[in-house]
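One structure below.
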Amino acid sequence: GAVVSQHPSWVICKSGTSVKIECRSLDFQATTMFWYRQFPKQSLMLMATSNEGSKATYEQGVEKDKFLINHASLTLSTLTVTSAHPEDSSFYICSARPNDWGTDTQYFGPGTRLTVL
Amino acid sequence: GQQVMQIPQYQHVQEGEDFTTYCNSSTTLSNIQWYKQRPGGHPVFLIQLVKSGEVKKQKRLTFQFGEAKKNSSLHITATQTTDVGTYFCAGDRGSTLGRLYFGRGTQLTVWP
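Those sequence lines, one after another, are chains A and B. Heads up: the first sequence begins at 4 in the working numbering, then just goes up one per residue. Heads up: the second sequence begins at 60 in the working numbering, then just goes up one per residue.
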């Protein structure tokens, strides 16, 4: 149990285009999901907390208009990188916290590697 | 800001040697979690520590949570090549959102 998927696993796009990344919890429901980005050989940086049915909570320094988050159901959150630029190239990882499991554990997706040309 | 410090950044050991990574938070944590990330992979949950002074063991891995709930350590006894990867601690400050703030990780290399 506790499987989280991400799609796509990698994407290459041109500068100025928008890219949508999906995060799905496959065998549990998650009111709360999290989005992180990770630069090579660096730590995971929390970008935002995605809440089903309400607005996402963004960390300081993360542009909400740049990184649009939608959490339309208890099993799906999406991150859209709008007007992507080369500096947005990174590894984006989502995680989900199961509802009603009595645990704070987050389960991570496999990540999406974004390359902006 | 995100204030979870982790040292060392890199550790190279001979197989059979012990390994320890340390985590320190500037604020008291509700709980601390440890994750392992293999090269090219995603973080995999190892354990969560909640109580002050808590010690948990998983085979050769020993996890400790400090009395003040601000620091933690992961100790691996007699490392094996399968232990290779980056070990991250992640602190939860107890907000209702359950956000985790990750340390920068310790990259462990084990020489056979």
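No residue lacks a Cβ here, since even glycine has one placed at the ideal position from N, Cα and C. Everything numeric in this text was worked out from a predicted model, so none of it was measured.
Check: Can you list, in chain order, the stretches of the beta strand (DSSP E) that have 3 or more residues and sit fully within the stretch 138 to 165 of chain B?; Outcome: 144 to 151, 159 to 161
Check: Tell me which same chain residues have a C-beta within less than 8 angstroms of the C-beta of Gln62(B), skipping the five on either side of it?; Outcome: Ser84, Ser85, Thr86, Tyr160
Check: Can you confirm whether Ser92(A), when its beta carbon is compared against all beta carbons of chain B, has any partner nearer than 9 angstroms?; Outcome: no
Check: Tell me the start and end of each unbroken beta strand (DSSP E) in the stretch 32 to 67 of chain A that is at least 3 residues and wholly inside, in chain order.; Outcome: 35 to 41, 47 to 54
Check: Does DSSP classify Glu25(A) as helix, strand or coil?; Outcome: strand
Check: Any C-beta of chain B sitting closer than 9 angstroms to the C-beta of Thr81(A)?; Outcome: no
Check: So with Cβ pairs under 9 angstroms, would you call Lys17(A) a contact of chain B?; Outcome: no
Check: Enumerate, from N- to C-terminal direction, the unbroken beta strand (DSSP E) stretches of 3 or more residues contained entirely within the stretch 92 to 119 of chain A.; Outcome: 93 to 100, 115 to 119
Check: Whose C-alpha, out of Gly112(A), Cys16(A), Arg40(A), is nearest the C-alpha of Thr78(A)?; Outcome: Gly112(A)
Check: Can you tell me where the beta strand (DSSP E) with Ser8(A) in it begins and where it stops?; Outcome: 7 to 10
Check: Quick one, which of Phe42(A), Ile15(A), Thr81(A), Ser8(A) has its alpha-carbon nearest Thr52(A)'s?; Outcome: Thr81(A)
Check: Just the C-alpha distance for Leu167(B) and Thr145(B), rounded to the nearest angstrom, thanks.; Outcome: 6 angstroms
Check: In terms of residues, what are the limits of the beta strand (DSSP E) holding Ser132(B)?; Outcome: 130 to 135
Check: With a floor of 3 residues, list each beta strand (DSSP E) that falls wholly inside the stretch 90 to 134 of chain B, ordered by position along the chain.; Outcome: 90 to 96, 103 to 108, 114 to 117, 120 to 124
Check: In chain A, which residues lie less than 7 angstroms from Phe124(B) when you measure between Cβ atoms?; Outcome: By Cβ distance, chain A contributes nothing, its closest Cβ being about 14 angstroms from Phe124(B), past 7 angstroms.
Check: Would you grab the beta carbon distance between Val7(A) and Ser28(A) for me? Rounded to a whole angstrom, and I think it's under 8 angstroms.; Outcome: 6 angstroms
Check: Using a C-beta cutoff of 9 angstroms, does Asn90(B) count as contacting chain A?; Outcome: yes
Check: Output the boundary residues of the beta strand (DSSP E) element that contains Leu79(A).; Outcome: 79 to 84
Check: Using a Cβ-Cβ cut-off of 7 angstroms (strictly less than) and excluding sequence neighbours within five positions of Leu88(B), which residues of its own chain qualify?; Outcome: Lys128, Lys129, Gly150, Asp151, Arg152
Check: How far does the beta strand (DSSP E) with Leu88(B) in it reach, from first residue to last?; Outcome: Element bounds for Leu88(B): n/a, residue is neither H nor E.
Check: Answer yes or no: do His88(A) and Val65(A) have a C-beta to C-beta separation smaller than 9 angstroms?; Outcome: no
Check: Which residues in chain A have a C-beta closer than 7 angstroms to the C-beta of His101(B)? List them in chain order.; Outcome: Ile96, Phe111, Gly112, Pro113, Gly114
Check: Please report whether the beta-carbon of Gln45(A) lies at a distance below 9 angstroms from any beta-carbon of chain B.; Outcome: yes
Check: Given a threshold of 16 other Cβ atoms within 10 Å of its Cβ, counted over all protein chains shown, does Tyr69(B) qualify as buried or as exposed?; Outcome: exposed
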